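Line by line, the protein sequences give chains C and Z. Residues in the first sequence are numbered from 14 upward in steps of one, following this note's numbering. Residues in the second sequence are numbered from 14 upward in steps of one, following this note's numbering.
Number of protein chains: 2
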Amino acid sequence: MMGRLTFVGLGLGARGISLEGVVAVKEADSCYLEYYTTPHEPTLLKELENETGRVMTVVDREFVEDGREILKEARGSRVVLAVPGDPMIATTHNELRVRAIGQKTETAVIHAATIPSSAASASGLHYYKFGRMMTITRETLDSMQQAYHTLQTNLLQGLHTLLLLEFDVEGGEGAAPPAVIGGLLRAEKNFGREVLTEETFALVLSRLGRQDSELRAGYLKDLRNSEYGEKPHCIVIPGGLHFTEVEAVAAIFGLGEGEVRDNSRNMKGTAEVLIPRYAAKTRRALNSARERLGRDYDTLLENVELYTKDAEGFLARGEHELAMLSMGYAEGLLDSAGFTGRAKIDW
Amino acid sequence: MMGRLTFVGLGLGARGISLEGVVAVKEADSCYLEYYTTPHEPTLLKELENETGRVMTVVDREFVEDGREILKEARGSRVVLAVPGDPMIATTHNELRVRAIGQKTETAVIHAATIPSSAASASGLHYYKFGRMMTITRETLDSMQQAYHTLQTNLLQGLHTLLLLEFDVEGGEGAAPPAVIGGLLRAEKNFGREVLTEETFALVLSRLGRQDSELRAGYLKDLRNSEYGEKPHCIVIPGGLHFTEVEAVAAIFGLGEGEVRDNSRNMKGTAEVLIPRYAAKTRRALNSARERLGRDYDTLLENVELYTKDAEGFLARGEHELAMLSMGYAEGLLDSAGFTGRAKIDW
Numbered sequence: 014m015m016g017r018l019t020f021v022g023l024g025l026g027a028r029g030i031s032l033e034g035v036v037a038v039k040e041a042d043s044c045y046l047e048y049y050t051t052p053h054e055p056t057l058l059k060e061l062e063n064e065t066g067r068v069m070t071v072v073d074r075e076f077v078e079d080g081r082e083i084l085k086e087a088r089g090s091r092v093v094l095a096v097p098g099d100p101m102i103a104t105t106h107n108e109l110r111v112r113a114i115g116q117k118t119e120t121a122v123i124h125a126a127t128i129p130s131s132a133a134s135a136s137g138l139h140y141y142k143f144g145r146m147m148t149i150t151r152e153t154l155d156s157m158q159q160a161y162h163t164l165q166t167n168l169l170q171g172l173h174t175l176l177l178l179e180f181d182v183e184g185g186e187g188a189a190p191p192a193v194i195g196g197l198l199r200a201e202k203n204f205g206r207e208v209l210t211e212e213t214f215a216l217v218l219s220r221l222g223r224q225d226s227e228l229r230a231g232y233l234k235d236l237r238n239s240e241y242g243e244k245p246h247c248i249v250i251p252g253g254l255h256f257t258e259v260e261a262v263a264a265i266f267g268l269g270e271g272e273v274r275d276n277s278r279n280m281k282g283t284a285e286v287l288i289p290r291y292a293a294k295t296r297r298a299l300n301s302a303r304e305r306l307g308r309d310y311d312t313l314l315e316n317v318e319l320y321t322k323d324a325e326g327f328l329a330r331g332e333h334e335l336a337m338l339s340m341g342y343a344e345g346l347l348d349s350a351g352f353t354g355r356a357k358i359d360w
Numbered sequence: 014m015m016g017r018l019t020f021v022g023l024g025l026g027a028r029g030i031s032l033e034g035v036v037a038v039k040e041a042d043s044c045y046l047e048y049y050t051t052p053h054e055p056t057l058l059k060e061l062e063n064e065t066g067r068v069m070t071v072v073d074r075e076f077v078e079d080g081r082e083i084l085k086e087a088r089g090s091r092v093v094l095a096v097p098g099d100p101m102i103a104t105t106h107n108e109l110r111v112r113a114i115g116q117k118t119e120t121a122v123i124h125a126a127t128i129p130s131s132a133a134s135a136s137g138l139h140y141y142k143f144g145r146m147m148t149i150t151r152e153t154l155d156s157m158q159q160a161y162h163t164l165q166t167n168l169l170q171g172l173h174t175l176l177l178l179e180f181d182v183e184g185g186e187g188a189a190p191p192a193v194i195g196g197l198l199r200a201e202k203n204f205g206r207e208v209l210t211e212e213t214f215a216l217v218l219s220r221l222g223r224q225d226s227e228l229r230a231g232y233l234k235d236l237r238n239s240e241y242g243e244k245p246h247c248i249v250i251p252g253g254l255h256f257t258e259v260e261a262v263a264a265i266f267g268l269g270e271g272e273v274r275d276n277s278r279n280m281k282g283t284a285e286v287l288i289p290r291y292a293a294k295t296r297r298a299l300n301s302a303r304e305r306l307g308r309d310y311d312t313l314l315e316n317v318e319l320y321t322k323d324a325e326g327f328l329a330r331g332e333h334e335l336a337m338l339s340m341g342y343a344e345g346l347l348d349s350a351g352f353t354g355r356a357k358i359d360w
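Here you go:
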């Protein structure tokens, strides 16, 4: 008999498995359940066994990472590995699948709900406006820096950010929302790029898809001092908001529409901040320089004016890097008179 | 009796509903099924009715958009609206939920597998490396431009891009992979930003999660001339690849590892292309200018050197806009000698 390894997603909550998944479990010769890496509803195992009439062999992460026993068995029989959420989100399960394919064992994947997509859809925000997400295992300096950077990149594009607060298997601890929020605010203090403030609007989704799920929305200053109970948690920091998103978030989280804030509104990229400021300064300096410089500077000054205009044009077309190049060039041209002692340039 | 409106996700395929969803359908006073906007497996309705023992009332999009009947009913009884995939991904269902909350009807959401997350996890790529996704309803000039732009933004950050090929309800037509691939290649011809070529590596996932699903991988020149059968389809254009992603994609799609290409490898942002080139040119021009300019230019020339170095430093730290500003400034300073007739600058 040809063997087969089927990865069955258990979705969210204790009854998240699909009917297709139930059939796969029933038809399997042996069934493994790996849920050490994923916080799950306490009744999961019992519900699963009741519904399928099968006994699940609960295995730990090492067993799956090692994989030799499962792979050996799957050479000649139908093996199911059941995993909370969608089974192929984790690298470990992907690697096991690659090894199974490598030994010519047929594989199959039965998808299920997973936190990243469910968090997006549960939030009332538009799914296609989410940027890159980030997983935070512990509130380390490095992971906070990365989250801060991801947030900046997304907010600059008006995109929403999902932060998945993960569960550290060895330490037995998950990253709790207050610690992560505190870490983000400290990152702001260190980097000072005006990515977030205590007034930044955010959503905290706890135990999504479970009976005891809790959804909270508010400003970071308030959210950092709350209790959120059992893991898992995730945090969504919205970017630009369409009015239907404001309505949906307000309704779902029980807020007034005025309380739902657009965190991208005041976010500006370097060029957007600097070009208007520099262009104005350059024009003022140009005017005062004109009076002091002779005719041999006419062409140069004309070019200062032209390149300043170019910078504004590039900015308007979203070509921020070329805008900065033009702006710098105009400033350099004008400043040359100062460096060569021809005229003091008043910036 | 207090009413309730429950949105039940049907996941992928005909048996994608979760056990939780089955319970909700069984307990409801009335059950609606809306699947006009989403291509679904033909046996879906039959399987659903068999499994739940309930008759589903199949409704069209207008019925859901209008919503008055459902909302009225949900005021005093338990109503289920079943939707393929995850129920809250579509704006229509979100809006209905907001209206239900507005009339003080309790709402609940039962999540399920959805194409965006399943496509990411089925592809063998790391989920957290996906950037913003895009939905393409028809291969219009505008949507192709937007997809091209999204692709560029993602690839520059090394991120993967998911293009969801949607289904146009009124026209009864979906965007087919060959047309979309052709449209992207034409966008490249128009914009010329070297975002993609005929050699760009891509994945096409058709009817994901269904019995008749088909996964294909290859280069755009080959993929554009293939047949993909029934909708739905989606396209994944990978960005930077970790070696475990190369292994997984090769195994899942039956390719040699050498055939799996990193589309981000040669992607460079404007500053990354221009700064090294401009810095070299400026240093050459600086050397030749030194011989021709007098001592009054010493400070200026020293600053040209310093700002060129600054530009390289900013680039190395990822501050592309400041790098361009410095580079432009250095060039402007040096070029001033040409504009004022002091010395011809040989660039």
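Even for Gly, the Cβ is constructed at its ideal location relative to N, Cα and C. The structure displayed is predicted, hence computed values, not measured ones.
State the Cα-Cα distance for the pair H124 (chain Z) and T174 (chain C), rounded to the nearest angstrom.
-> Annotation: H124 (chain Z) to T174 (chain C) spans about 20 Å, alpha carbon to alpha carbon.
Which residues in the same chain have their Cβ closer than 7 Å to the Cβ of V193 (chain C), if we skip the five residues on either side of it in sequence?
-> I149, E152, L176, L178 and I248
Could you run through the stretch 95-125 of chain C and flag, in chain order, every residue whose CB is less than 7 Å away from some CB of chain Z?
-> D99, M101, I102, T104, N107, E108, V111, I114, G115, V122, H124 and A125
Of all the alpha helix (DSSP H) runs that stay within the bounds of the stretch 252-300 of chain C, which reach a length of 4 or more residues?
-> As far as the stretch 252-300 of chain C is concerned, its whole alpha helix (DSSP H) runs of at least 4 residues are 256-266.
V193 (chain Z) - containing alpha helix (DSSP H), residue span = P190 to F204
First through last residue of the alpha helix (DSSP H) which encompasses M337 (chain Z) | H333 to F352
Which of helix, strand or coil DSSP assigns to T51 (chain Z) = T51 (chain Z) falls in the coil class under three-state DSSP.
What runs of the beta strand (DSSP E), each 3 residues or longer, lie entirely inside the stretch 201-255 of chain C?
-> 214-219, 227-232 and 246-250
If you check the beta carbons only, do S219 (chain C) and H246 (chain C) fall under 8 Å apart?
-> yes
What are the partner residues of S43 (chain C), as DSSP defines its beta bridges?
-> C:V92
CA-CA distance, E207 (chain Z) and M280 (chain Z)?
-> 8 Å
Compile a chain-ordered list of the residues in the stretch 270-296 of chain C whose CB is closer than 9 Å to at least one CB of chain Z.
-> G282, T283, A284, L287 and Y291
Count the other CB atoms, across all protein chains shown, that sit within 10 Å of the CB of N107 (chain Z); report buried if there are 16 or more and exposed otherwise.
-> buried
Go ahead and pull the three-state DSSP assignment for V38 (chain C).
-> helix
Are L216 (chain C) and F266 (chain C) close, meaning C-beta to C-beta below 8 Å?
-> yes
Can you tell which of C:H53, C:A302 and C:A264 has its C-alpha closest to the C-alpha of V96 (chain C)?
-> C:H53
DSSP-derived helix/strand/coil call for L18 (chain C) = Secondary structure at L18 (chain C): strand, using DSSP grouped into helix, strand and coil.
If V72 (chain C) and E47 (chain C) are in contact, beta carbons under 8 Å, what's the gap, nearest whole angstrom?
-> That pair is a contact at about 5 Å.
Would you mind reading off the limits of the alpha helix (DSSP H) that contains A121 (chain C)?
-> Careful: A121 (chain C) lies outside any alpha helix (DSSP H), inside the beta strand (DSSP E) at E119 to I123.
Answer with buried or exposed for P251 (chain C), where buried requires no fewer than 16 other C-beta atoms within 10 angstroms of its C-beta.
-> buried
CB-CB under 8 Å to G282 (chain C), same chain, minus the five flanking residues each way: which ones, in chain order?
-> L169 and H333
Give the residues of chain Z in contact with D323 (chain C), contact being defined as C-beta atoms less than 9 Å apart.
-> Those within 9 Å of D323 (chain C) in chain Z number zero; the least Cβ separation is about 10 Å.
Run of the beta strand (DSSP E) containing T163 (chain C), from where it starts to where it stops | That residue, T163 (chain C), is in no beta strand (DSSP E); its alpha helix (DSSP H) goes L154 to L169.
Integer Cβ distance of L197 (chain Z) from A160 (chain Z), believed to fall under 8 Å | 6 Å
Identity of the residues DSSP links to T174 (chain C) by a beta bridge | C:I250
Taking 8 Å as the cut-off, decide whether the C-beta atoms of V21 (chain C) and I30 (chain C) are in contact.
-> Yes, these two residues count as a Cβ contact at 8 Å.
Please confirm if the stretch 80-97 of chain Z is in contact with the stretch 321-337 of chain C, defined as three or more CB-CB distances below 8 Å between the two stretches.
-> no
V71 (chain C): first and last residue of the uninterrupted alpha helix (DSSP H) it sits in | From DSSP, V71 (chain C) is part of no alpha helix (DSSP H) but of the beta strand (DSSP E) over T70 to V72.
In the DSSP assignment, find the unbroken beta strand (DSSP E) run with I149 (chain Z) in it and report its ends.
-> M147 to I149
To which residues of the same chain is A188 (chain C) closer than 6 Å at the C-beta, ignoring the five residues directly before and after it?
-> I149, R151, E152 and L178
Pick from C:R308, C:K322 and C:D311 that is closest to T295 (chain C), judged by C-alpha positions | C:K322
Go ahead and pull the three-state DSSP assignment for S24 (chain Z).
-> A small correction: the amino acid at residue 24 (chain Z) is Gly; Ser does not occupy that position in the sequence shown. Of the three classes helix, strand and coil, the one that applies to G24 (chain Z) here is strand, per DSSP.
Taking DSSP as the reference, what is the three-state secondary structure of G98 (chain Z)?
-> Of the three classes helix, strand and coil, the one that applies to G98 (chain Z) here is strand, per DSSP.
So is K142 (chain C) buried or exposed if we call it buried at 16+ other beta carbons inside 10 Å?
-> Flag for K142 (chain C) reads buried.
Name the chain Z residues that come within less than 9 Å of N300 (chain C), Cβ to Cβ?
-> Here the premise fails: no neighbours, minimum Cβ distance about 18 Å.
Buried or exposed: where does A133 (chain C) fall if 16 or more other Cβ atoms within 10 Å of its Cβ makes it buried?
-> Under this definition A133 (chain C) is a buried residue.
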